[in-house]
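J.: A single structure is presented below for examination.
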Amino acid sequence: MKILAAAVFALALGLLAGPSGARRLRRLDVSARSPGRHRAGHHRAGRLGALVVAACCAGAAVAMPWALAWSVIAATLCGTFGWVLWAHRREKQTLEQTESVAQACRVISSQLRIGQAPHRALETAAGECPVLEGVLGAQRVGGDVAEALSAAGERPGCSGLASLGRAWRLCERTGAPLSPVARRVAENVSAEAQTRAEISGELAVARLTGRLLCALPAAGIAMGFLAGGNPVGFLTGTAAGTICLAAAVVLACAGLVWTELLARRAQEAGS
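Here our numbering is used: the first residue of the sequence shown is 3, the next is one more, and so on.
If you want it as structure tokens, here you go:
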């Protein structure tokens, strides 16, 4: 009955907010003579639709507070932990890519020092470092190697390839040896990878602290049991408790996300 009452309430609100039949006819007549007013009518219709959707959500909140609260809890937990896992995986891949770029630059520099031609040095480096596979493919079809290096450098952790691409272009135009430049790029990228690893290690404590703070409510629930109460029954069996639980989950997840964003900002600034 509550669900039916909420639906009827939303429908009634939509009908009351909508224009009457005579007013619709007048608007149709005016819109035929004025396209601008016709577009304005579409905007008003969009606002009316949003109002009806909001009324339906409000009716659902009144009729099914437990279902809404548990939906918020589930969505918040899944979204937060999914985002955290994705962010950590992306950070790990970025660090691995940076180290791979540094290794590729070192191989190219060493191959050039022993007298290999640049295209042979690139083939050897691509065999050891998969990060250069796309560049090697461009070279095999007669593409611009410098441009391919610059394009590959747009990926996270591969900015060193863009520097190598600019050096490659400069050496092609001036005839300067590429080996010293590749060695300098390798040194810079290696320093960047080391800095990233150090910052990630230093931020591990801050991230661990944020996760421990998220677990503190569980300790509070355990203390409630030790004191002879039934906090789980209150949180899951009453409307007020469920609302408090949903608010606590949202705030805890927001704190975790905020900590991760601060750590990422510090890492980007340091590198």
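We put the beta carbon where it would ideally sit given N, CA and C, even for glycine.
If you're wondering where the values come from, they're calculated on a predicted model, not measured in any experiment.
What's the call for VAL137, buried or exposed, on a 16-neighbour Cβ count within 10 Å?
T.: Label assigned to VAL137: buried.
J.: For SER181, which residues of its own chain have a beta-carbon under 7 Å away from its beta-carbon, when the five flanking residues on both sides are left out?
T.: So the list reads SER111, LEU114 and ARG115, once near-sequence residues are dropped.
J.: Check whether the Cβ atoms of VAL103 and VAL191 lie closer than 7 Å to each other.
T.: Yes, they are a contact pair.
J.: Measure the alpha-carbon distance for VAL86 versus VAL252 and round it to whole angstroms.
T.: When rounded, the distance between both Cα atoms is 15 Å.
J.: Going by Cα to Cα distance, which pick from ILE223, GLN105 and ALA169 is closest to ALA178?
T.: Nearest C-alpha to ALA178: ALA169.
J.: Consult DSSP for SER33 and reduce its assignment to one of helix, strand or coil.
T.: Its pLDDT being 42, under 50, SER33 is placed unreliably by the model, and the measurement read from it follows with that caveat. SER33 falls in the helix class under three-state DSSP.
J.: Can you list, in chain order, the residues of its chain whose CB lies under 7 Å from that of GLY243, leaving out five sequence neighbours each side?
T.: Same-chain partners within the cutoff: PHE236 and LEU237.
J.: I'd like the span of the alpha helix (DSSP H) that includes ARG122, first residue to last.
T.: Taken as a continuous stretch (DSSP letters only), the alpha helix (DSSP H) holding ARG122 covers 120-130.
J.: Leaving aside the five residues before and after LEU97 along the sequence, list all residues of the same chain whose C-beta is less than 8 Å from its C-beta, in chain order.
T.: GLY159, ALA195, ARG198, ALA199 and SER202.
J.: Do you know whose CA, among CYS80, VAL147 and GLN99, lies nearest ARG122's CA?
T.: The option with the nearest alpha carbon to ARG122 is VAL147.
J.: Between the C-alpha atoms of ALA106 and GLU125, what's the straight-line distance to the nearest angstrom?
T.: Taking the straight line joining both Cα atoms gives about 10 Å.
J.: Answer yes or no: do THR82 and CYS246 have a C-beta to C-beta separation smaller than 7 Å?
T.: Their beta carbons are not under 7 Å apart, which means THR82 does not touch CYS246 by this criterion.
J.: Is DSSP giving GLY81 helix, strand or coil here?
T.: In the structure shown, GLY81 sits in a helix (DSSP, three-state: H, G or I).
J.: Between ALA71 and ALA248, which are expected to be in contact by the criterion C-beta below 8 Å, what is the C-beta distance as a whole number of angstroms?
T.: Yes, ALA71 and ALA248 are in contact; Cβ-Cβ is about 4 Å, under 8 Å.
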